[in-house]
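Asker: In this note's numbering, the protein residues as written are 33 to 186. Glycine included, C-beta positions come from ideal geometry on N, C-alpha and C. Just so we're clear, the structure is a prediction, and the values are computed from it rather than from any experiment. Quick one: the structure is below, questions incoming.
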């Protein structure tokens, strides 16, 4: 039986078939999505990429801002909302050819859309895009850049 298996092993080999403990649940499955009331963009290149696509739960749609410094996307949550983590996905179309589109970003809690500098704005996390890292990775994958999925814990 399994009585001889050490407690700190995930699997034990028996005489006969191999027994393996079930995989733990994904850490994301342990959390419930928060209710987002509204999304805002600092700018929009056209009506084709509206802010509502940020919160539609469909990774085949996307929102976009105009190409410039200081862009932001802001989400309005209910006042008494606890946020454990923020999960961002880059564009998934075109075989992942858009790794720089998400770029370097920061996650703030603030009192108004785009609030990053008031006394109530709190920086919760950040992620950076590294061109060299993506260039090296894509050279090992038939010349296609990898999609960038970023997770920022709050």
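Does residue 144 pass the burial test, meaning 16 or more other C-beta atoms within 10 Å, or should it be called exposed?
Answerer: exposed
Asker: Mind checking whether residue 81 and residue 95 have CB atoms under 8 Å apart?
Answerer: yes
Asker: Suppose the cutoff is 6 Å on Cβ atoms and the five residues either side in sequence are ignored; what does the same chain contact list for residue 83 look like?
Answerer: 71, 72, 73, 95
Asker: Which residues mark the beginning and the end of the beta strand (DSSP E) in which residue 118 is found?
Answerer: 117 to 121
Asker: Please name the residue, chosen from 146, 64, 156, that lies closest to residue 104 on a Cα-to-Cα basis.
Answerer: 146
Asker: Who are residue 139's beta bridge partners in DSSP?
Answerer: 157
Asker: Should residue 154 be labelled buried (16 or more other beta-carbon atoms within 10 Å of its own) or exposed?
Answerer: exposed
Asker: Can you tell which of 90, 98, 97, 107 has the C-alpha that lies nearest to the C-alpha of residue 142?
Answerer: 107
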